[in-house]
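Counting from 1 along the sequence shown, just add 1222 to a position and that's the residue number in the numbering used here.
No residue lacks a Cβ here, since even glycine has one placed at the ideal position from N, Cα and C.
This report refers to the structure that appears directly beneath it.
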Amino acid sequence: DRFNRRLVYGVAAAATAAWIPVFFLMIQGRSEVMLIIGVVVGLALHAFMYGPQAAYITEQFPARLRYAGSSLAYTLAGVIGGAVAPLIFTALYAASGNWYLIAGYLLLASIVTIVGLAIGRNPQPEEDLRWLHNDGAPESHA
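Spelled out as structure tokens, the structure:
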């Protein structure tokens, strides 16, 4: 936690948005070297987002809801954002015959990520302890 996770994630998302058209332009020449460079840079940017992701998602929920909330958020985001993406890419390419709409979709996803980071919760450590009694036992809601 040496660096602010929201900042790292946001900078990587913005860099990804900038990288998307560059990547597609790089691979137009069908060079294997350019493809490898493009994928390596893309994966490095992904790693800068993936690294702080677990902590960021987890801190979006109060301590008493954290396990279920972060699990559902991560799983549903993976299904909604990841599972249908190849189908969307295929449909966009079929509709246009080029990469422009796919790049636009990815840019939109980057913008949604940045907006989500901007409006996300920025909890303080003492907030996580409010649900505990003085003796450290969880509250009973029975």
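Exercise. Whole alpha helix (DSSP H) runs in the region 1242–1294 with 4 or more residues, listed along the chain?
Worked result: Within the region 1242–1294, the complete alpha helix (DSSP H) runs of at least 4 residues are 1254–1280.
Problem set entry | Separation of A1313 from W1299, as counted between CA atoms | In the sequence as displayed, the identity of residue 1299 is Ala instead of Trp. Each residue's alpha carbon lies about 21 Å from the other.
For this session: Grab the span of the alpha helix (DSSP H) containing F1311 for me, first residue to last.
Result: 1307–1318 is the span of the alpha helix (DSSP H), which, as asked, contains F1311.
For this session: Excluding the 5 residues preceding and the 5 following R1343 in the sequence, name in chain order all residues of the same chain whose CB lies nearer than 6 Å to its CB.
Result: Excluding positions up to five away in sequence, the list reads Q1282.
For this session: Indicate whether I1302 and A1239 have their beta-carbon atoms separated by less than 9 Å.
Result: The Cβ-Cβ distance between I1302 and A1239 does not fall below 9 Å.
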